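Please read the structure below before turning to the comments.
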Amino acid sequence: MSRRGPKHFAKLTFVLAETDEPADTDLFHFRDRIMAANPGDELLTLWRRKLTAWDFEQSPSWSVTEPRTSERRTEVYDKLAFGADLRKALDAAVPVHKEPGPVTISREFQAWYTREQAANRSFYWTSYERLLRRKGWSDAAVSSLDEASHSVVERLADPTRDDAYGARGLVVGYVQSGKTANFTGVTAKAIDAGYRLVIVLGGTLNLLRGQTQRRLDMELIGQENILGAVDPDDPDALVGIDYQDDEDWPAKFVSFGGRPSVLGAFDIERLTSRDRDYMTLERGISALEFEKSDRTRRLYDPANLHTARARVMVVKKNKSVLEKLVKDLKKIGPILGEIPTLIIDDESDQASVNTTDPKKWEDGKVTRTAINGQISKLLNLLPRAQYVGYTATPFANVFIDPGDEEDIFPRDFLISLPRPIDYMGVQDFHDLDNVDNVEGEAEKTHVRGIYEATGDRLQEALDAFVLTGALKLYREKHGVPGDFRHHTMLVHESVRMAEHAALAERIETMWRNAAHTGPEGHTRLAALFDKDFHPHTNGSLHTPAAYADLKPYVSRAIQLINRGGSPVIVVNGDSERDYAQPNLDFARTPNVWKILVGGTKLSRGFTVEGLTITYYRRTTQQADTLMQMGRWFGFRPGYRDLVRLYIGREESLGRGRNAKTVDLYEAFEAICRDEELFREELARYAALVDGHPQVTPAQIPPLVAQHLSWVKPSARNKMFNAELVEVRSPGKPIEPAAYPQDANMTKQNTEHWKPVLAALGGTPAICVLQPDASSPLSRSFHAATAIIPHTRLLSVLSSLEWEEGNVLAPHLTYLSQLDGRLARVDDWLVIAPQRAQHNRIEATVLDKGPFSLFRRSRQSNKLSFGRISGLEHRLYAQRLIDQPGEAPAGDSTLGPHRGVVLLYPVVDAQHDDEVKAVAATGTAAPDKVIMAFTVIPPKSAVDSKRQLVRFRTRDSSRPDAVIVDAF
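For the sequence shown, position 577 matches number 558 in the working numbering, and the numbering has no gaps at all.
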């Protein structure tokens, strides 16, 4: 049962059995053993790993089913020839993990890195996999990493190919989500496959570079490669060897049980160490003179490649450091053209991107920023270099602004990693389906708004920091599994360093006067526990029923926070000394329990361990700055229910006439919506059609630009070469978010809907949602409904006007073909929902109705609203589409040739009082009402090829160009 796929299990056991006649050919004993096994049983552990690996495998040669599905598991059982009882027992012990996997947008590539080849050369990957399991990674997590890293390596060039090719790719993860584990896996698989020079660009600070070096040394490179020929039992020989002062050496550093070259593999030589960045090749250029078994052949010839040592360096993104590396490489000569090289760029949107203004280039010649220029030189010097960038910011310039086609634009592939298991992200802090601006569950649990009426709430945030520290100690004492070593709070109010010092002094004064262990302090803490923490704690995590049970742990929490003299650390610069403070060293300090004042200058890649309380009030108009401040995202094992975000909801931005009030929580949510939309778009178009990609990386910017108007080419005289012509959405919602602000345009659009409004008469229908995964209770809402012909809906949609280009055009191209040319849609069920009775505001529109008016507000500085359709309305409409045999409100079954339209008379407003003003006379003026809609075509509305997107190349002579001169 190798990675070639499952085989007939009974036959295989018969062949492998030591006895001539195995007793359990019917697998009864095997089934009973599985059914009786406890979770730690060795046999069950083995089967859990195998089944999970088969479940996760992407496009295996032995399967035609999709990974992570019940269909894949059934196919596995069929091939194993397991009976119903055994299948049921294994399903109970090893449920199918159905969370989404990585999403890949890729050019077509030459397949070379098969599962069989990966299994044949897997020394370092196998070692890394074992280490992850020892660290407690689940089988699903390991298999997910295996598939994601395999997807990257298979899209690199074959290291043994004769003609040199350098692939360019981008891997998009989540903020503080463990991207390092992915690129460590990619590195392990790549060197196993034959890459012999690995250059990791690891941050802009020595601390960050050293952390990355230590992680690779500990988890991949290993003790034997660090020691080389040195005797670990000879103290004199160990002088000058890395990590002899590290408390984790050697216990937590991977060991192979001998030199890899002695064990039949190859050694790794480090060209940098924990404390030493790349200065110069220590042994001169001889350090990169690769040994060859056959000097008559090239290094990339398999006869030479698989016995040569690999070289690994972790280099800081610093101009002088990279200049030294480039200078040394130039001395080596022609051998550079033979070295299969992998360049990993961590936080690739930071410093690596060419941010110079194209309008200032002289004679059209590209001018590069310092780091970008050195990376470009590296790629030119190493023709077999593969570049893979890693970022958590999907709108990095390297992606959305690809004007320099010779640069690091990911022309070959883009891989969006799945949200990791147990990761706290956007959905944990923002109720993205909330359309009525009421506080949702995520906001209730984790977000504490700072308004003028609430005061600054800083003392409350400090009290929450103490309280959550005590709760961590309580849980640790009661055996709750989790990571309670570090406990931190982040405070960020200003970008000015002088104000940081004043803020730190203010916090220290408040801390001294808080009297947390006195009667007044305990009274405050008890009230906060009862009001805030006890109602929102996770019932599965041990939590005291009353503050009295927590009180004994408060003194210890205060003691840990005060350790070192001050509870506060100021971190507000780019210099090394800001990060070299002993109390800030999460790797070497047993317990970092501190309040960190700073924020923006905390370099990306610097993880604030144990972050539980965040206090954020800094205003900014830069989306990437705000996104990178999302440090409240990450893994919070054992205490995710304790995490709190105190954030400004009424902050002043600007001065004088330009002054305005900003809601930072809403501003951050708008960015999160864009990111989620981006990921959804990638997932939607990642499926192959007839074995070929629907979308290539070069086509993603214009595809996403239809939703995000700010995604544009860099120069005004440039345009995307790929023009989006058609988007097909069988069974999926089409929901424009950006509607005109111009009153005349709004009035005309509303008037175009008059025939539909006229049809929406009669008694409102009751639309019932049965209990499902979203709620254990049945729910219902009232709605006006009507059936309209396809031609009428198409006429209305085609006549609508838009302010920033027709965002509906690619969808109209699709909908117009549903007259039988592409597929057939006869008519549409239009549903105009009503708000609940207690907050319903009604008015006639164009003398039709009355209709329930809905309040929606636009995102900051944008035409677009956050979400138009309500969650329950959308779930109801989608259920009709997914189960067309069910009877919708007031109608017979939907049938395969009828779609659904959700129609909303929307008032652009922040508060219901503004909506009431529009409806004050009982009639809403058409220029005050935006007819917003969601269209869901039936699932059958597509041809047999199931292609979902179609592009046209503006310059057909340059089909692979990302952008071209405007015509």
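All C-beta atoms in this analysis are idealised placements derived from N, C-alpha and C, irrespective of residue type, glycine included. Being a predicted model, the structure only gives us computed values, none of them experimental.
1. Assuming THR85 and ILE396 form a contact by the criterion Cβ under 8 Å, report the distance between their Cβ atoms to the nearest whole angstrom.
2. Nearest to VAL737 by alpha carbon, out of ASP753, SER755, HIS771?
3. Using 10 angstroms around the beta-carbon of ILE768, count the other beta-carbons present and answer buried if the total reaches 16, otherwise exposed.
4. Using the C-alpha atoms, what's the distance from PHE271 back to PRO140?
5. May I have the straight-line CA-CA distance separating ALA445 from PRO41, to the nearest angstrom?
6. Measuring only the C-alpha atoms, how far is ILE431 from TYR597?
7. Based on the DSSP output, what are the partners of GLN722 in its beta bridges?
8. Looking at the structure shown, is LEU750 part of a helix, part of a strand, or coil, going by DSSP?
9. Just to confirm my understanding: we take ARG68, look at its own chain, exclude 5 residues before and 5 after, and list those with CB closer than 6 Å. What are they?
10. Taking the DSSP output, what are the residues bridged to VAL293?
11. Roughly how many angstroms separate the alpha carbons of THR951 and PHE835, rounded to a whole number?
12. Which of the three DSSP states is assigned to PHE394 in this structure?
13. To the nearest angstrom, report how far apart PRO831 and LYS728 are at their CA atoms.
14. Can you give the Cα-Cα distance for GLY579 and GLU474, rounded to whole angstroms?
15. Can you tell me which of ALA100, PHE9, VAL153, ARG114 puts its alpha carbon nearest to the alpha carbon of ALA664?
16. Would you check if the distance between the CB atom of THR253 and the CB atom of MET294 is smaller than 8 Å?
17. In its own chain, which residues sit with a C-beta less than 6 Å from the C-beta of VAL45, not counting the 5 before and 5 after it?
18. For ARG111, is the classification buried or exposed, using 16 other Cβ atoms within 10 angstroms of its Cβ as the cut-off for buried?
19. Please state if the CB of ALA913 and the CB of TYR885 are separated by a distance shorter than 8 Å.
20. Let me confirm a value: ASN543 is counted as buried when at least 16 other C-beta atoms fall within 10 Å, else exposed. Which label applies?
21. Could you tell me whether the Cβ atoms of VAL899 and LYS909 are closer together than 8 Å?
22. Please identify the residue among ALA442, ALA162, VAL708 whose C-alpha is closest to the C-alpha of LEU796.
23. Per DSSP, which residues does VAL670 bridge with? Please list them.
24. Apply the 10 Å Cβ neighbour rule to ASP511 and answer buried if 16 or more other Cβ atoms are within range, or exposed otherwise.
25. I'd like the list of long-range same chain contacts for LYS297, defined as Cβ closer than 6 Å, with 5 residues on each side in sequence excluded.
26. For the beta strand (DSSP E) holding TRP809, just list the boundary residues, first then last.
27. Can you give the Cα-Cα distance for VAL75 and ARG114, rounded to whole angstroms?
28. Can you tell me whether GLN818 is buried or exposed, with buried defined as 16 or more other CB within 10 angstroms of its CB?
29. Could you give the distance in angstroms between the alpha-carbon of VAL(-4) and the alpha-carbon of HIS(-11)?
30. Within the present structure, is the beta-carbon of GLU56 separated from the nearest heavy atom of the ligand GTP by less than 7 Å?
31. Based on Cα-Cα distance, which residue from GLN39, PRO745, ILE202, PRO674 lies nearest to GLN928?
32. Please list the segments of the beta strand (DSSP E) lying wholly inside the segment 503 to 580, counting only runs of 3 or more residues, in order along the chain.
33. Which residues does DSSP list as the beta-bridge partners of GLY615?
34. Using only the alpha-carbon positions, how far apart do TRP783 and ILE911 sit?
35. What first and last residue would you give for the alpha helix (DSSP H) that runs through ARG114?
36. What residues match up with MET470 in a beta bridge as DSSP calls it?
In brief:
1. 5 Å
2. HIS771
3. exposed
4. 15 Å
5. 50 Å
6. 9 Å
7. Partner(s): none; GLN722 has no beta bridge.
8. strand
9. TYR58
10. VAL179, ARG251
11. The structure shown does not extend to residue 951, since the chain is modelled only from -18 to 948, so the question has no answer here.
12. strand
13. 18 Å
14. 8 Å
15. VAL153
16. yes
17. none
18. exposed
19. yes
20. exposed
21. yes
22. VAL708
23. HIS673
24. exposed
25. ARG190, ASP258
26. 808 to 814
27. 17 Å
28. exposed
29. 11 Å
30. This structure lacks the ligand GTP, and indeed carries no ligand of any kind.
31. PRO674
32. 549 to 552, 574 to 579
33. MET405
34. 12 Å
35. 104 to 115
36. ILE576, ILE594
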